[in-house]
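Quick note on numbering: my numbering labels position 236 of the sequence shown as 236, and the sequence is numbered without any gaps. Presented below is the structure to which this report refers.
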Amino acid sequence: MTLLASRDEADRTAPPARGTPADPRWVRPSLAALLLATAVLYLWNLGESGWANAFYSAAAQAGSLSWKALFFGSSDAANAITVDKTPAALWVMSLSARLFGVDAWSILVPQALMGVGSVAVLYAAVRRTSGPAAGLLAGTVLALTPAAALMFRFNNPDALLVLLLTAGAYCVVRALEKASPRWLALAGVAVGFGFLAKMLQAFLVLPAFGLAYLIAAPTSLGKRLLHLLGALGATLVASGWYLAVVALWPAADRPYIGGSQENSLWELAFGYNGLGRITGDEVGSVGGNPNGGWGGTGWDRLFGEEMAGGIAWLLPAAVVALAAGLWFTRRAPRTDRGRAALIVWGGWFVVTAVVFSYMGGIIHAYYMIALAPAVAALVGIAGTQLWRARGNPAAAGTLSAGIGLTALTAYLLLSRQSDWLPGLAIAVLVAGLLCAFLVFFASRLPDVARRLIAASTLITILAGTGAYTVATAATPHSGALPSAGPDTGRGMRMGGGGLLGTSLPGDELAALIRQDSANYTWAAATVGSNNAAGYQLGSGAPVMAVGGFNGTDPAPTLEQFQEYVRKGRIHYFLGEGMMMRGETGSDAAERIAAWVANTYEPTTVDGVTVYDLSR
């Protein structure tokens with residue numbers, strides 16, 4: 001047996017199907033308390049964020065009115081153009097809006113419930129290999145990760161992606177127990193549907209899942225390879241069926257695929273939202289640095305000002321946990337499930353962290369939620385196992401080092417915002433170093449003292465990330481680029497119009513857009529999806545997003561737009577067109593805005609330039 005998994009401990013942590021004793025009495029109440037607390041954290045005052053990301057809220061509104069818009073993920077119910085993602089996350093929001101009406105709660109509550117579900121699934125996955133204590137610690141760390149609180153209270157596709165990938169990891173853990181091709185195939189299905197939420201990002205976990213099964217599944221090499229091939233097929237079917245349907249659907253009878261230059265979902269999946277995110281070659285992209293790129297790349301990127309607050313609190317601890325776990329299990333049998341779990345979560349962590357650190361294309365701080373389940377699992381698994389093996393100086397020293405490093409990390413992160421909760425940084429540092437010292441000698445102390453040290457240590461290492469998470473949940477967020485942390489003016493003040501901001505129309509303009517809207521296919525048109533989303537949500541009428549999200553898609557072309565106007569399908573054009581940055585993509589939106597300005601007389605309503613295209 002290895003240092004981190006004695007036979008007695010292995011018996012206690014094996015799945016119930018093997019006839020082991022039931023969990024201790026404290027497990028179920030503790031799990032119930034964790035899930036209830038997570039639900040409160042993610043649901044409390046959720047409506048304060050309003051439409052959150054109006055870009056997706058408007059698409060959910062469209063899907064609640066049109067089944068075609070729901071299926072394709074259209075920005076408007078008249079199906080001019082889709083959002084620049086595959087629409088699985090929109091399916092959930094649109095169905096909720098159909099059932100409960102279109103409002104902030106019907107759109108955001110599903111995200112919060114996905115967060116609770118992710119915590120529950122992570123607990124279940126970690127428990128099967130490392131016991132209920134490890135599962136509870138992992139679930140707590142996930143719930144108290146600021147990036148998780150941000151995204152599980154927001155309506156980007158990341159919430160569904162994390163739930164599906166965590167479910168996939170659970171299926172891999174189940175598959176490893178008895179070399180089950182069925183469970184492995186289910187893991188492939190979960191990752192495949194993750195692709196339908198956020199495209200190729202979902203596939204970042206595949207190397208870890210495949211490697212763990214290839215190494216540790218208790219069957220012959222030939223069968224392991226065959227099972228992996230079947231799981232890969234399940235992944236391709238679960239993700240590819242939608243691409244095939246869209247490709248075969250007549251282009252004239254569906255919306256334009258937003259984010260692509262050739263009206264192709266394949267191009268979107270493997271270009272703008274695929275390899276382009278790695279290389280930075282994303283045709284039609286705007287934003288980033290003037291010379292291209294989205295911030296400096298390198299190993300320290302996740303600790304930079306933009307990313308660190310959402311995820312960095314326990315990153316060093318996760319690195320220590322992975323290294324220690326692999327070292328202490330180096331002599332374990334090939335099929336050791338504890339080491340296999342480390343490969344599953346550690347591979348997920350390493351591949352995703354490396355990609356995020358070095359990718360040259362579009363990247364935002366909220367992407368860091370994709371690291372949260374892996375970090376939480378590693379901390380939960382190694383933390384509890386090292387504590388159990390504290391009688392060994394190597395295990396005790398490793399655990400003490402991880403605690404001290406976590407306290408130092410929290411101190412450095414909290415010191416960046418010295419005007420927020422002053423004193424917390426130094427308190428966490430001092431308490432953490434003291435706990436690290438006591439943990440090293442805990443095996444020599446009475447049981448009561450050990451329990452007190454364990455409780456104090458948990459509180460200390462979670463204090464920084466927990467406080468930051470609560471502050472994140474207490475801050476309303478809107479716009480396209482939310483970020484974790486206390487309210488510093490980044491929340492509800494993200495609006496204001498423009499390609500990346502959204503503002504709702506005033507009452508007079510909303511009434512004007514609604515006027516005679518039933519007589520038109522689109523009550524209005526404007527450049528950029530965020531602008532269109534605000535007008536559409538404020539008026540309840542379809543608004544065409546000319547040029548898609550960035551205003552750089554060739555949809556519609558100037559000739560198509562002129563034909564729509566000639567046939568009386570568009571009532572108003574709103575705004576004078578936004579200045580598009582970047583040198584790639586179509587200039588059709590600029591040409592349309594210029595043609596409208598040169599052809600029609602403008603008026604101003606609620607501060608917005610309005611052109612009546614029916615005159």
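Every residue, glycine too, gets a C-beta built ideally from N, C-alpha and C. Just so we're clear, the structure is a prediction, and the values are computed from it rather than from any experiment.
In the DSSP assignment, find the unbroken beta strand (DSSP E) run with residue i in it and report its ends.
i: P602; result: P602 to V605
Report the rounded CA-to-CA distance for residue i versus residue j, giving the unit in angstroms.
i: A202; j: P132; result: 28 Å
i: S400; j: I453; result: 12 Å
i: L31; j: L204; result: 29 Å
i: S529; j: L275; result: 23 Å
i: A654; j: A382; result: Since the first and last residues shown for the chain are 1 and 615, residue 654 lies out of range.
i: A247; j: W266; result: 8 Å
i: R514; j: V546; result: 19 Å
i: L243; j: L236; result: 10 Å
i: L537; j: Y272; result: 27 Å
i: A510; j: S539; result: 5 Å
i: A208; j: A340; result: 10 Å
i: A377; j: A269; result: 29 Å
i: T38; j: A324; result: 29 Å
i: R28; j: L36; result: 12 Å
i: A308; j: A518; result: 48 Å
i: A80; j: P218; result: 52 Å
i: L613; j: A58; result: 23 Å
i: A143; j: V355; result: 24 Å
i: L137; j: I461; result: 11 Å
i: L184; j: H227; result: 7 Å
i: R581; j: T552; result: A caution first: R581 carries a pLDDT of 47, below 50, which makes its placement in the model unreliable, though a value can still be read off. Going by the C-alpha atoms only, they are around 9 Å apart.
Of all the options the options, which has the alpha carbon lying nearest to the alpha carbon of residue i?
i: G464; options: L229, P207, V428 and L122; result: V428
i: D587; options: A370, A252, S285 and R331; result: S285
i: P505; options: T469, A480 and G534; result: G534
i: Q111; options: V119, R127, L160 and A143; result: L160
i: T279; options: W249, I362 and Y213; result: I362
i: T609; options: L326, Y564 and N531; result: N531
i: L41; options: R337, A473, W67 and A525; result: A473
i: R277; options: L228, H364 and A317; result: H364
i: S260; options: P554, F561, L225 and V565; result: P554
i: A33; options: Y123, G346 and A60; result: Y123
i: T526; options: R153, T329 and E590; result: E590
i: N263; options: W51, A524 and K85; result: K85
i: L302; options: I257, L413, H227 and V379; result: L413
i: G568; options: W522, D606 and T552; result: W522
i: A216; options: R25, G240, V172 and A467; result: V172
i: A134; options: F195, T329 and A120; result: A120
i: G139; options: A541, A449 and A372; result: A372
The alpha helix (DSSP H) with residue i in it runs from where to where?
i: A102; result: Residue identity differs from the one stated: residue 102 is Val in this sequence, not Ala. Element bounds for V102: n/a, residue is neither H nor E.
i: F195; result: P181 to K198
i: L452; result: D447 to A474
i: E625; result: No statement about residue 625 is possible, as the shown extent of the chain runs from 1 to 615 and does not include it.
i: W249; result: Segment: none, W249 is in no alpha helix (DSSP H) and carries neither H nor E.
i: T631; result: The question about residue 631 has no answer here: the residues shown for the chain are numbered 1 through 615.
i: T297; result: It is not in any alpha helix (DSSP H) - T297 carries neither H nor E in the DSSP assignment.
i: E177; result: D158 to K178
i: A407; result: P393 to S415
Under 8 Å, Cβ to Cβ, is there at least one residue of chain D near residue i?
i: T129; result: Looking for chain D here will not work: only one protein chain is present.
Going by DSSP, which residues form a beta bridge with residue i?
i: F573; result: A525 and Y611
i: S74; result: T82
i: A256; result: The sequence shown places Tyr at residue 256, not Ala. Its beta-bridge partners are I81.
Is residue i helix, strand or coil when you go by DSSP?
i: A370; result: helix
i: Y242; result: helix
i: V543; result: strand
i: Y520; result: coil
i: L421; result: coil
i: A504; result: Note that residue 504 is Leu in the sequence shown, not Ala. Here L504 sits in coil by DSSP.
i: I362; result: coil
i: R591; result: helix
i: W266; result: helix
i: P87; result: coil
i: E559; result: helix
i: L481; result: coil
i: W44; result: coil
i: F441; result: coil
i: R331; result: coil
i: A134; result: helix
i: L322; result: helix
i: S118; result: helix
i: G585; result: coil
i: G491; result: Because G491 carries a pLDDT of 42, less than 50, the predicted location of this residue cannot be relied on, and no value is offered for it.
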